[in-house]
Amino acid sequence: MWLIIGLIAIVATFINLYMYSTGKDYKFAMAMGLSFTALTLSTEYSLVSEWVKKEDWSLLGEVPNYGRALWFLTIVSILLNIAPIFLERKGKK
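Residue numbers (this note's numbering): 12 to 104.
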């Protein structure tokens, strides 16, 4: 499930950037990109929670790698989604 939601977040982010580049209102796409990023993190947390409940310790050994990847991807998602706001402000100066 997290993979599907993550792909939706990526698509929404690219729609956001495309809409900004074409001069259209991008704010809804930006909100969708950030919202689906948050949902991706929530589903990933739920997945790890299920591993703990099932006491699947071998899978939990991979969590540190997931953590680094999730931090990186979340930061990239936030930066890409808010980039149009900064570009718009820079253009007004």
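All residues carry an ideal CB built from backbone N, CA and C; glycine is no exception.
Practice task
Measuring alpha carbon to alpha carbon, tell me which of L52, F25, S46, N27 ends up nearest F83.
Solution key: L52
Exercise for the section: Under 8 Å by Cβ, that's how I've got P95 and M12 pegged, so tell me the actual separation to the nearest angstrom. Expected result: The Cβ separation is near 29 Å, so there is no contact.
Practice task
Over the uninterrupted alpha helix (DSSP H) stretch that includes G34, give me the two end residues.
Solution key: Per DSSP, G34 belongs to no alpha helix (DSSP H) and is neither H nor E.
Problem - the stretch 22 to 34 in contact with the stretch 54 to 63 per 3-pair CB rule at 8 Å - result: no
Problem - Per-residue DSSP class, three states only, for E73 - result: coil
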